[in-house]
Amino acid sequence: MTQNGHTMFRPPAEAGSALIRVADGCPHNSCAFCAMYRGVAYRVHDQAAVSRNIALAAARDPDARRIFLADGDVLALPATMLETILETTRAAFPRLSRVNCYASGQALAGKSDAELERLRQKGLHTLYLGLESGSGEVLRRMAKGGTVHEMIDGCLRAQNAGLTVSVMVLVGLGGQELSAMHARQTADALNAMQPSLLSCLRLVPIAGTALARRIADGSFTELTEEQSVRELRDILLGLELARTVFRADHSSNILPLAGRLPRDKVRLLGELSELLESGALDRNTPGAMPGLL
1 MTQNGHTMFR PPAEAGSALI RVADGCPHNS CAFCAMYRGV AYRVHDQAAV
51 SRNIALAAAR DPDARRIFLA DGDVLALPAT MLETILETTR AAFPRLSRVN
101 CYASGQALAG KSDAELERLR QKGLHTLYLG LESGSGEVLR RMAKGGTVHE
151 MIDGCLRAQN AGLTVSVMVL VGLGGQELSA MHARQTADAL NAMQPSLLSC
201 LRLVPIAGTA LARRIADGSF TELTEEQSVR ELRDILLGLE LARTVFRADH
251 SSNILPLAGR LPRDKVRLLG ELSELLESGA LDRNTPGAMP GLL
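UniProt numbering numbers the first residue of the sequence shown as 1 and each following residue consecutively.
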């Protein structure tokens with residue numbers, strides 16, 4: 001959806017949610033693999049503008065039960081402003097059940113336990129956190145910003161406050177050089193987080209990004225199709241999660257997978273192993289890729 005000339009992004013799970021813009025762009029906007037907010041200056045909308053956006057959304061869909069606040073890293077907004085936004089949305093949407101948004105490790109680190117609790121009480125429900133990798137070295141090379149520790153700690157504190165955290169990781173983000181480290185340390189980080197929801201997406205290089213330039217100059221070697229499936233299996237094999245909804249069914253994924261962990265772990269591993277043993281995967285190139293994430 002486009003508003004004020006800028007595309008608003010949301011996770012696939014928010015396809016049916018009403019979108020309300022509260023900021024333009026992303027405060028970090030430096031990840032080597034991301035082009036979502038390229039050319040968009042980060043700007044937080046003032047309360048009057050946000051209230052107008054809420055009113056417009058309510059006029060379009062007065063019975064909306066879910067709202068997604070756009071754009072990138074909305075949790076970075078001041079807690080008092082977020083509380084006001086949540087109060088305003090609650091008043092405008094009588095059937096509202098949840099409000100969700102993107103969050104970074106840095107934004108979580110900037111919120112106290114009490115602030116997270118108040119935001120939940122005001123109606124905030126799910127935070128989408130891009131871990132991407134549990135390897136600090138991979139994150140450093142990708143200019144992700146923040147640390148693995150920040151994201152683990154933030155996830156735990158948010159969940160302790162009663163919020164749902166949906167964690168996203170990128171299969172292949174370490175390239176061939178760091179694949180084993182990426183898989184092992186990502187599983188370790190996820191085990192520490194124990195997220196309610198986990199989504200694994202395959203890395204899809206986007207033209208014009210720093211990562212695409214590294215691929216072109218040979219300093220980053222993408223995983224082959226077979227290696228991508230093997231890395232996802234290695235991540236899944238290392239997971240020791242008590243109660244997590246697992247999805248790897250984005251259009252970027254080679255084999256759509258979904259289940260609950262730990263209940264479906266053996267089945268999911270079996271499906272990946274069967275595909276690896278089939279001989280159907282490309283061992284030399286990344287294989288077919290969707291145009292965009």
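For glycine and all other residues, C-beta sits at the position ideal for the given N, C-alpha and C.
In the three-state reduction of the DSSP assignment, His125 falls in the strand class. Distance check between Lys122 and each of Ala212, Cys155 and Met81 places Met81 closest, using alpha-carbon atoms only. About 4 Å separates the beta carbons of Ala183 and Asp234, which is inside the 8 Å limit, making them a contact pair. Bounds of the beta strand (DSSP E) holding Leu257 are Leu257 to Leu261.
If one requires a minimum length of 3 residues, the beta strand (DSSP E) runs lying completely within the region 108–193 are 124–132 and 164–171, in chain order. Of the other Cβ atoms in all chains shown, fewer than 16 fall within 10 Å of the Cβ of Leu56; this residue is therefore exposed. Here the C-alpha atom of Leu281 lies approximately 16 Å from the C-alpha atom of Leu269. As the crow flies, the alpha-carbon of Thr221 is around 11 Å from that of Asn284.
In the three-state reduction of the DSSP assignment, Ile215 falls in the helix class. Rounded to whole angstroms, the separation of the alpha carbons of Glu277 and Ala41 is 47 Å. Here the C-alpha atom of Arg90 lies approximately 26 Å from the C-alpha atom of Pro195. Per DSSP, Ile67 lies in no alpha helix (DSSP H) segment; the continuous beta strand (DSSP E) that holds it begins and ends at Arg66 to Ala70.
The region 20–33 makes contact with the region 204–215; the number of CB pairs closer than 8 Å reaches 3 or more. For Thr244, the enclosing beta strand (DSSP E) covers residues Thr244 to Ala248. By the Cβ criterion, the region 99–117 is in contact with the region 55–72, since at least three pairs of Cβ atoms, one from each stretch, lie closer than 8 Å.
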